[in-house]
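Here the structure comes first, spelled out in structure tokens, and everything after it is commentary.
2 protein chains.
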Amino acid sequence: MTYDEGAMSSGQGAFFERLVREPTLSDKAANMILETILSRRLTVGDRLPSERELGEQFGVSRTVVREAVRALVAKRVIEVRSGSGLRVAAVDAAAVSESMSLYLRSGTLDFEKVHEVRRLLEVHIAGLAAERAGDEDVERLAQVHKRMVREVGDIEAAARDDLKFHRMIARATGNELYLVLMDSIGSSLVDIRRENLGSGPTPSTLEQHARILDRIRAHDPDGAEEAMADHIEGVASWWRKQPQPLHEQRPGGASA
Amino acid sequence: MTYDEGAMSSGQGAFFERLVREPTLSDKAANMILETILSRRLTVGDRLPSERELGEQFGVSRTVVREAVRALVAKRVIEVRSGSGLRVAAVDAAAVSESMSLYLRSGTLDFEKVHEVRRLLEVHIAGLAAERAGDEDVERLAQVHKRMVREVGDIEAAARDDLKFHRMIARATGNELYLVLMDSIGSSLVDIRRENLGSGPTPSTLEQHARILDRIRAHDPDGAEEAMADHIEGVASWWRKQPQPLHEQRPGGASA
DNA sequence: TTCTGCATTCGGTCTGACCAACTGCTGTAT
DNA sequence: ATACAGCAGTTGGTCAGACCGAATGCAGAA
């Protein structure tokens, strides 16, 4: 294990500082912009001063401000619309998922570790969903499941709905944080999911989903947890039998 | 709940695209750099071409490259050393924690939701730690605890060691992912922790820690889980009694 | 062989300029 | 009075070229 003491980014102010070296001007500018947002209690959608203006305020060139802006944009703190200006963005789940995804893909963790955490989360989530799901939740879940049954053959669609099925369960807990975590952890398993579905949802996957859905509908937490545990475990054991492709990462076709 | 369908950043390539509008040159540049890293199988510490060089390769100005670099740096994908060059960085836990921290601070979630997840994680972690902790883990844990006992009065030190105590338990699970999650979730609770400790670690906190440590040392998962549950619940119920400061976020003293 | 030192490379910052997208005001036509 | 077309100002996006200080590496001196 390489991690240790420090590096926990306690969160208390001064985000953009460098690990060791003194912060650059644009780091400081980024912090100042962040402070501007916090101190003025700006919320999502609110507009910030223009780049030129910020530069003037901070006493730095536009170049520096722009770089600070890029950093903030990367962190999803602000959002920029050419022609209009800078606006405060919602640091949404996607930002978290993305960095977690980047982290998981960096290869420090092996499948078993990710799986262990995923199992914990999903099983617990299933239980909570069974407790708390409203009629609409159950309804939506049932719809996705029904659609998936029809999608034997369409791998893409099936994979998408598989993921959706799990997300909806997380959503039914009423606690968005579960969804964020699932998206984060789950994202690295998307490829696996796709492979697992192979040439369409396998009967066992569908059966397991059906059982989960059934237990949630019946508001039976223990049953739901058990069903989910079986399901997750099934996917995992399938994975372990695979000839270790170690999810080869290919760069997706960018834009350009 | 505002989130829904999309926004799950499946992770497959083309990260830096904008939500709607066509990507800017620096977005494309960022993706290209990322591709460069992936395609050449560069790993942590490897050096990238200089900014000027990259600009030439991509046919864009240095300005564009620099902004792309800032974005990548913000995401912890690369690291830059003035005078030397750009290097591939480790997308470490800190990056994840930071974005999660930013997200939690954006105020979408209330204390109860965060607490619910924290409880799940920490309790589970305590159990795993009891199962898996090696002698050295227990030793380190005991040391931190012993030190904390002596720190009655020093709020800062106590808060730091309190956090450390919990981190070490997570570490003892042998699964870094738990540590990452704890750092992420826990970071937003740091302020609370500090307040909770008030004028130094309260006897009850220390007692609870002692009990947790004891159960981990005894390799008693159930006991450890129970002890941790009591501890977490204690902190939470204390919080609920507080006059709702809603953790006022003040901009930390940056650098400059 | 080792150490000193300078030329080179590399990132950090600044200035100033031009383009394209967007906003808002204005004056005209209805 | 209202609605719309169109211009002008604002704002981000990109470029060029320049200078600084820090880091690197090689060459010549000890």
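Keeping their order, the protein sequence lines are chains A and B.
Each number in my numbering corresponds to the 1-based position in the first sequence with 14 added.
Each number in my numbering corresponds to the 1-based position in the second sequence with 14 added.
For each residue, glycine too, the CB sits at the ideal point set by N, CA and C.
Fair warning: this is a prediction, and the values are worked out from it, not measured in the lab.
Taking a Cβ-Cβ threshold of 8 angstroms, none of the residues of chain B is close to serine 98/A; the smallest such distance is about 11 angstroms. Here glycine 69/B has Ser75, Arg76, Val78, Val79 as same chain residues with Cβ atoms under 8 angstroms from its own Cβ, once five neighbours each way along the sequence are excluded.
Neighbours of leucine 116/A in chain B, taken as residues whose beta carbon is under 9 angstroms from its own, are Gly25, Phe29, Lys89, Arg90, Val91, Val105, Ala109, Val110 in chain order. If the five residues before and after alanine 156/B are omitted, its C-beta is found closer than 8 angstroms to the C-beta atoms of Leu227, Arg231, all from its own chain and listed in chain order. Interface flag for leucine 227/A against chain B is unset, since no Cβ pair is found closer than 7 angstroms. By DSSP's assignment, isoleucine 92/B forms a beta bridge with Val102/B. Inclusion of alanine 238/B and glycine 141/B in the CB contact set at 7 angstroms is warranted, their separation being smaller than that value. Per DSSP, the unbroken alpha helix (DSSP H) holding glycine 69/A starts and ends at 65 to 72. Taking the Cα of serine 251/A as reference, the smallest distance to any Cα among Glu221/A, Glu190/A, Arg133/A is reached at Arg133/A.
Legend: CB atoms of the segment 67 to 87 of chain A lying less than 9 angstroms from CB atoms of chain B belong to residues Thr77, Arg80, Glu81, Ala82, Val83, Arg84, Ala85, Leu86, Val87. For arginine 154/A, the three-state secondary structure derived from DSSP is helix. Counting only residues of its own chain and dropping the five nearest sequence neighbours on each side, methionine 46/B has a CB closer than 6 angstroms to the CB of Phe72.
Leucine 100/A sits close to valine 94/A, with the two beta carbons spaced by under 7 angstroms. Around the beta carbon of glutamate 81/A, 16 or more other beta carbons sit within 10 angstroms, so the residue counts as buried.
Nearest to leucine 116/A by C-alpha distance, out of Val58/A, Ile199/A, Asp234/A, Glu49/A, is Ile199/A.
Two segments are said to touch when three or more pairs of C-beta atoms, one from each, lie closer than 8 angstroms; by this definition the segment 96 to 115 of chain B touches the segment 56 to 68 of chain B. Contact with chain B is absent for lysine 160/A, since none of that chain's Cβ atoms lies less than 7 angstroms from the residue's Cβ. The Cβ-Cβ distance between arginine 84/B and alanine 109/B does not fall below 7 angstroms.
At a cut-off of 7 angstroms, the C-beta of valine 166/A has no neighbouring C-beta in chain B. In this structure, the alpha-carbon of isoleucine 246/A lies about 34 angstroms from that of glutamine 222/B.
Under the criterion of beta carbons closer than 8 angstroms, isoleucine 92/A and leucine 135/A do not qualify as touching, at roughly 30 angstroms.
Listed along chain A, no residue sits closer than 8 angstroms to leucine 62/B by beta-carbon distance, the nearest being about 15 angstroms off. A direct Cα-Cα distance of roughly 33 angstroms separates aspartate 197/B from glycine 97/B. Interface annotation, glutamate 130/B: in contact with chain A, CB-CB separation under 7 angstroms.
For lysine 127/B, the neighbours in chain A by C-beta distance under 8 angstroms run, in chain order, Asn189, Glu190, Leu191. Chain A has no Cβ within less than 7 angstroms of the Cβ of serine 251/B. Sequence-ordered contacts of the segment 132 to 148 of chain B with chain A read Leu134, His138 [C-beta pairs closer than 7 angstroms]. Each of Ala107/B, Ala173/B, Ala172/B, Asp234/B was checked against the Cα of arginine 185/B, and the nearest Cα belongs to Ala107/B.
Against chain A, the CB of leucine 56/B has no partner CB under 7 angstroms away; the residue lies outside that interface. For leucine 123/A, the chain B residues whose Cβ falls inside 7 angstroms of its Cβ are Glu190, Leu191, in order along the chain. The shortest C-alpha to C-alpha distance from alanine 144/A to any of Glu67/A, Met242/A, Leu123/A is the one to Met242/A.
For proline 37/B, no alpha helix (DSSP H) encloses it, and the DSSP letter there is neither H nor E. Close partners of serine 218/B in chain A (Cβ separation under 9 angstroms) are lacking, with about 24 angstroms as the shortest Cβ gap.
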